[in-house]
Structures are given as C-alpha cells and as structure tokens.
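Chains as they are written, first to last, in this note's numbering: chain A, 1 to 185; chain B, 1 to 111. Cβ atoms here follow ideal geometry from the backbone N, Cα and C, with glycine treated the same way. This structure is a prediction, so every number in the text was calculated from the model and none was measured. Accompanying notes for the structure given below.
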C-alpha cells in the first residue's frame with residue numbers, strides 16, 4: 001500500500017465533539033438522476049452541524065452557508081470523478097471541533113483519474129488560491145473548456161478553509177482518494 | 001421576454017436586466033450555457049449594458065461561479081457595462097462577487 005499526500009492534508013484524528021457520516025452509492029443511478037441529492041444532502045449536513053454552534057455565535061449564517069457550499073462541492077466532485085466501475089460507496093464524514101469543522105470525503109478513483117488529479121494538484125497546490133482562480137478563469141474563457149478546481153479555490157479564498165488530499169494505492173486497481181477540508185469557526 | 005424556470009431557480013427578464021433567483025446548482029458548464037446565452041443576448045440587445053439582480057439568489061455552486069466569470073470576461077472584452085445587485089445578508093455573495101472584479105475591474109457591484 002502506497003500513500004501520497006497533497007496540500008494541507010494531516011493524518012491526525014479529529015477530536016470531535018459531534019460528528020456525522022453519510023454514505024452514497026454513486027453508481028446505482030445515472031448522475032443526472034442523483035444530482036439534486038448533492039444539494040439536499042449538503043443543506044442537511046449544514047443544518048445539522050450548525051445546530052451545535054452556540055446560539056449567539058455571530059457568524060452562524062455565514063458558517064451555515066460555508067458548510068453547505070463545501071459539502072455540495074465535495075459531493076459533486078465525488079459523483080463526477082469516482083470510478084463508477086468499482087461500485088464502491090462514497091462517504092462524507094464531518095467532525096465538529098471547538099474551533100473548526102473537518103470534512104472528510106472518501107471515494108474510489110481509476111488510474112486515469114489519479115493521473116489527471118495529480119496534474120491538477122501540482123498546479124493548484126503551488127499557486128496562491130486567488131491567482132489560481134484568475135488564471136483558471138482566463139484560461140477557461142480563452143479555450144472554452146471546463147475549468148477545474150474553482151470549488152477548491154473558492155473554499156480557500158472565500159471561506160479561509162484549508163484543503164488536503166491523500167491518494168492511497170491498494171491492491172490494483174483499488175485507488176482511494178481522501179479529500180479533507182478544514183473550515184475555521 | 002426571457003424566462004427560464006428550473007428546479008429551484010428562475011432566470012427572468014426584469015426592467016433593465018435579468019434577475020437570477022433561487023438555488024442554482026446545475027451540473028456542468030453545458031447546463032449553464034443556456035443562462036449565459038440569455039445574459040449575453042440581453043446585454044447585446046440592450047445597448048451593451050446589463051443589470052443582473054442576484055438579491056434573491058441564495059446558493060450558487062462553483063460551476064455557476066465559473067459561468068458568471070466567463071460572462072464578465074466576455075463583457076470586459078466586448079466593452080459591455082455590467083452592474084450586479086447583491087444582498088449583504090446572503091453571505092457567499094459579498095465574497096464571491098468581489099472576486100469577479102479581479103476579472104473585470106469596471107464591474108459595478110450594488111448592495
């Protein structure tokens with residue numbers, strides 16, 4: 001088993017006061033049919049987690065929006081880019097700590113997806129997030145292509161989140177991708 | 001009159017511009033192209049200016065942010081004047097819309 005880490009990925013186990021786990025079957029139905037569930041699930045975890053914030057927390061609404069945005073982006077990515085032939089569940093886990101929420105999303109990817117992801121991560125992790133955002137948008141407008149990583153750039157730029165990835169090669173062809181987002185409260 | 005009614009969102013022609021309302025989380029740039037085309041068509045017909053009312057747009061995913069970014073870059077290159085109305089109570093808007101000004105410095109944001 002071989003593991004490669006990128007960005008702000010840390011192995012430490014969260015010391016959670018509250019946690020929540022959800023599992024999804026990305027290959028059971030066509031992507032189009034399950035797309036709406038990404039938003040529904042994101043709104044649910046956002047409502048669930050912000051329930052535990054102190055009622056007088058000054059940024060309650062901002063945190064609720066951030067949690068919904070991040071959860072939705074993670075689920076959208078996982079549904080689009082998982083290895084559908086593997087028939088393996090996508091799991092989203094949230095840990096609420098005293099001063100941050102940690103999102104952990106695990107999905108299986110193919111060898112080709114792994115190569116594309118590594119190209120993206122090498123660019124993304126070496127640039128300032130705002131510079132990356134501008135660079136991607138200008139490139140996208142020029143080439144009329146689908147830009148990648150805008151969701152992660154937004155998490156870092158707009159919500160001060162840290163983002164990290166861990167790719168684990170198991171027995172061929174099993175490759176598991178763990179994406180972690182740390183949202184400060 | 002332009003009017004798109006989708007699942008949880010709408011895009012409507014209103015006065016001097018277009019209002020985008022609801023929660024917009026479409027799944028690709030292909031799906032967003034219809035909305036982008038509506039914005040470009042309106043601006044072109046309206047003497048190269050457009051007001052986009054986002055004050056009732058509660059949620060927007062990253063593909064939606066990409067669509068708005070592509071639109072403002074198009075407007076910068078085509079010298080189209082763009083005004084975006086936003087709501088300070090919708091927290092994503094203040095952050096994400098200011099990023100668009102990096103792509104189009106003349107973009108006017110009104111809250």
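Coil, strand or helix - residue i by DSSP
i: residue 93 of chain A; result: strand
i: residue 44 of chain A; result: helix
i: residue 31 of chain A; result: helix
i: residue 17 of chain A; result: coil
i: residue 61 of chain A; result: helix
i: residue 23 of chain A; result: strand
i: residue 208 of chain A; result: Past the boundaries of the shown model lies residue 208 of chain A; chain A is included only from 1 to 185, so the question cannot be answered.
i: residue 52 of chain A; result: coil
i: residue 85 of chain A; result: helix
i: residue 8 of chain B; result: coil
i: residue 133 of chain A; result: helix
Beta-carbon proximity check, residue i vs residue j, cutoff 8 Å
i: residue 109 of chain A; j: residue 117 of chain A; result: yes
i: residue 150 of chain A; j: residue 70 of chain A; result: no
i: residue 25 of chain B; j: residue 7 of chain A; result: no
i: residue 59 of chain B; j: residue 85 of chain B; result: no
i: residue 20 of chain A; j: residue 48 of chain A; result: yes
i: residue 23 of chain A; j: residue 89 of chain A; result: yes
i: residue 48 of chain B; j: residue 77 of chain B; result: no
i: residue 39 of chain B; j: residue 50 of chain B; result: yes
i: residue 94 of chain A; j: residue 165 of chain A; result: no
i: residue 185 of chain A; j: residue 101 of chain A; result: yes
i: residue 84 of chain A; j: residue 173 of chain A; result: no
i: residue 79 of chain A; j: residue 36 of chain A; result: no
i: residue 97 of chain A; j: residue 15 of chain A; result: yes
Alpha-carbon to alpha-carbon, residue j and residue i
i: residue 114 of chain A; j: residue 15 of chain B; result: 48 Å
i: residue 8 of chain B; j: residue 23 of chain B; result: 6 Å
i: residue 112 of chain A; j: residue 83 of chain B; result: 42 Å
i: residue 17 of chain A; j: residue 56 of chain A; result: 18 Å
i: residue 3 of chain B; j: residue 105 of chain B; result: 29 Å
i: residue 19 of chain B; j: residue 6 of chain B; result: 14 Å
i: residue 5 of chain A; j: residue 45 of chain B; result: 51 Å
i: residue 50 of chain A; j: residue 42 of chain A; result: 12 Å
i: residue 10 of chain A; j: residue 111 of chain B; result: 40 Å
i: residue 59 of chain A; j: residue 91 of chain B; result: 10 Å
i: residue 155 of chain A; j: residue 43 of chain B; result: 31 Å
i: residue 130 of chain A; j: residue 153 of chain A; result: 7 Å
i: residue 168 of chain A; j: residue 178 of chain A; result: 8 Å
i: residue 102 of chain B; j: residue 93 of chain B; result: 15 Å
i: residue 81 of chain A; j: residue 28 of chain A; result: 15 Å
i: residue 95 of chain B; j: residue 109 of chain B; result: 12 Å
i: residue 44 of chain A; j: residue 72 of chain A; result: 10 Å
i: residue 35 of chain B; j: residue 52 of chain B; result: 12 Å
i: residue 144 of chain A; j: residue 32 of chain A; result: 23 Å
i: residue 61 of chain B; j: residue 41 of chain B; result: 23 Å
i: residue 104 of chain A; j: residue 12 of chain A; result: 12 Å
i: residue 86 of chain A; j: residue 13 of chain B; result: 45 Å
i: residue 171 of chain A; j: residue 2 of chain A; result: 10 Å
i: residue 11 of chain B; j: residue 53 of chain A; result: 35 Å
i: residue 97 of chain B; j: residue 21 of chain B; result: 15 Å
i: residue 92 of chain A; j: residue 77 of chain A; result: 12 Å
i: residue 33 of chain B; j: residue 99 of chain B; result: 21 Å
i: residue 73 of chain B; j: residue 163 of chain A; result: 28 Å
i: residue 124 of chain A; j: residue 99 of chain A; result: 26 Å
i: residue 175 of chain A; j: residue 119 of chain A; result: 16 Å
Neighbour list for residue i in chain E, Cβ cutoff strictly below 9 Å
i: residue 7 of chain A; result: Considering every chain present, this structure includes no chain E. Its protein chains are A and B.
Residue i CB to nearest heavy atom of the ligand SAH below 7 Å
i: residue 106 of chain A; result: Absence of the ligand SAH is noted for the structure shown, with no ligands found whatsoever.
contact_flag[the region 60–73 of chain A, the region 154–162 of chain A] where n(CB pairs < 8 Å) is 3 or more: yes
Quick check for students: name the residue ranges of the alpha helix (DSSP H) that lie wholly in the region 53–107 of chain B, counting only runs of 4 or more. 62–78 and 91–103
Counting Cβ pairs closer than 8 Å, one from the region 137–152 of chain A and one from the region 66–76 of chain B, do we hit at least three? yes
Alpha helix (DSSP H) segments (min. 4 residues) lying fully within the region 138–170 of chain A: 150–159
Mind listing, in chain order, the continuous beta strand (DSSP E) runs of no fewer than 3 residues lying wholly within the region 93–130 of chain A? 100–109
Cβ pair count under 8 Å reaching 3, the region 127–134 of chain A against the region 25–34 of chain B: no
Extract the residue ranges of the alpha helix (DSSP H) inside the region 16–52 of chain B, only unbroken runs of 4 or more that lie entirely within it. 29–45
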